[in-house]
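According to the numbering used here, the sequence shown is numbered sequentially starting from 1441.
Quick reminder that beta carbons are idealized off the backbone N, C-alpha and C, glycines included.
What follows is a short report on a single structure.
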Amino acid sequence: MRQALLQAPGKLELRDVPDLTPGPGELVVRVDVALTCGTDLKTYRRGHPKLPMPTPLGHEYTGVVAAVGEGVTRFRPGDAVVAAPSAPCGACDPCAAGLENLCDRIDGTTMAWGAFAEQIRIPAHVARKNVFLRPPGLAPTEAALLEPLACVVNGVARLDLTRAETVVVLGAGPIGLLFVALLRRQGVPRVLAAGRHAGRLEAALAMGAHEVVDLGADASDPQALARAVRARAPRGACAVVECVGRPEAWLGAIASVRKGGEVLLYGGCAAGTTVPVDAHRLHYDALTLKGAFHFTPADVRVALDLLTRRALPLARLVSAEVPLARLQEALDALCRGEALKLAIVPGSPA
Ligand SMILES: [Zn+2]
Ligand SMILES: [Zn+2]
């Protein structure tokens, strides 16, 4: 089978390797479609501390079971499946405390990693908890959104939306757009998407935003960013969801929220980043700042249910399908911001 391997930052190689064989409890899946994701892009550009090179890449996928390991009874060869790439161990302290998204044992060595390939092996604990039959008729490009949607389900659940009027989503990349769609679905009266590219803001409207704010150059200045948001919501937003992952966006998000409001800091900043928060305002305006990360098996089931019921308008998220042989080109195009997500199709001829 063919598999993409990242040899060094910016350098991918397509190799022929022996077909995979499943160990006890494991599955081997023939990949129909694997989506690109921000994590893949970051790894491609600068490497990843938990994925020593050379490393396979790709973790948002759907496919057909090619082989099952000893003891697997839930699946048979030929079953079309959807999957999240990780599952909690169920035994560590965070898992015992119900924080399965923060399981100590989730890392590159325990995840199903390497979907930019004709086949991927799914570890036994993931096969047990986070693999499901693909809903009949669901397009593979939408089925492969299970993992990012589960992350966003987890993030939305962190917000108190009971009296929220205006919620601002800052950043109109794939994750920001999924937040827009889910917040709209949850009945938020006014979802405002703030971002930088006309095409992405158009996608935000198609995915349910009531209004969009084109931040342009204001995106890099927290105060200008907050002024642009407050021009639409003078008292500030009830909640702001930050999906950029840069300090200026974190500060802009905090400056855009109203008294008593909540900020969900969803975009991960590089290790070592610090952000100078206005401590006076945090205290006297009684702001709530929250982080969010990853997903639990319960979030995956909610996401699967949303996909099964076609509850969200997702068509705009995947910009095009690309054969595996053109993966490097696809990742370069994404680095230049030319697409939202691309669907890598290993079975399609180059
Ligand atoms: Zn992802
Ligand atoms: Zn655990």
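Beta-carbon separation (whole angstroms), residue i vs residue j, contact threshold 8 Å
i, j, result
"E1605", "C1678", "5 Å"
"A1520", "V1504", "5 Å"
"A1666", "V1653", "With 8 Å as the limit, A1666 and V1653 do not qualify as a contact, their Cβ atoms being about 11 Å apart."
"T1502", "P1580", "5 Å"
"H1565", "C1543", "Contact flag wrong, Cβ pair sits at about 10 Å."
"K1730", "S1759", "K1730 to S1759, Cβ: 31 Å. No contact."
Near ligand 2: residue i beta-carbon under 7 Å from a heavy atom
i, result
"D1745", "no"
"R1545", "yes"
"C1529", "yes"
"P1534", "yes"
Distance between residue j and residue i (C-alpha atoms, nearest Å)
i, j, result
"V1607", "E1453", "43 Å"
"S1788", "L1764", "7 Å"
"A1751", "L1481", "28 Å"
"L1586", "T1602", "26 Å"
"L1744", "V1512", "22 Å"
"D1472", "M1441", "13 Å"
"E1466", "F1735", "21 Å"
"V1457", "Q1768", "19 Å"
"G1700", "P1674", "15 Å"
"P1494", "Y1724", "50 Å"
"A1647", "L1445", "Per the sequence shown, residue 1647 should be read as Met rather than Ala. If I take the Cα positions, the gap works out to 34 Å."
Closer than 7 Å: residue i CB and nearest ligand 1 heavy atom
i, result
"P1588", "yes"
"E1500", "yes"
"T1479", "yes"
Bounding residues of the alpha helix (DSSP H) (the contiguous stretch that carries residue i)
i, result
"P1687", "P1687 to S1696"
Terminal residues of the beta strand (DSSP E) in which residue i lies
i, result
"K1730", "T1728 to G1731"
"V1742", "From DSSP, V1742 is part of no beta strand (DSSP E) but of the alpha helix (DSSP H) over P1737 to T1748."
"T1479", "Unbroken run through T1479 is the alpha helix (DSSP H), G1478 to R1486; no beta strand (DSSP E)."
"P1763", "V1758 to P1763"
Exercise. Return the chain-ordered ranges of every alpha helix (DSSP H) run that is complete within the segment 1528 to 1557 and spans a minimum of 4 residues.
Key: 1533 to 1536
Quiz item: Quick one: complete alpha helix (DSSP H) runs, 4+ long, within the segment 1566 to 1635?
Solution: 1580 to 1583, 1586 to 1597 and 1614 to 1625
Quiz item: Which runs of the beta strand (DSSP E) fall wholly inside the segment 1647 to 1673 and span at least 3 residues, in chain order?
Solution: For the segment 1647 to 1673, the full-length beta strand (DSSP E) segments reaching 3 residues or more read 1651 to 1654 along the chain.
Practice problem: Enumerate, from N- to C-terminal direction, the unbroken alpha helix (DSSP H) stretches of 4 or more residues contained entirely within the segment 1442 to 1518. | Solution: 1478 to 1486
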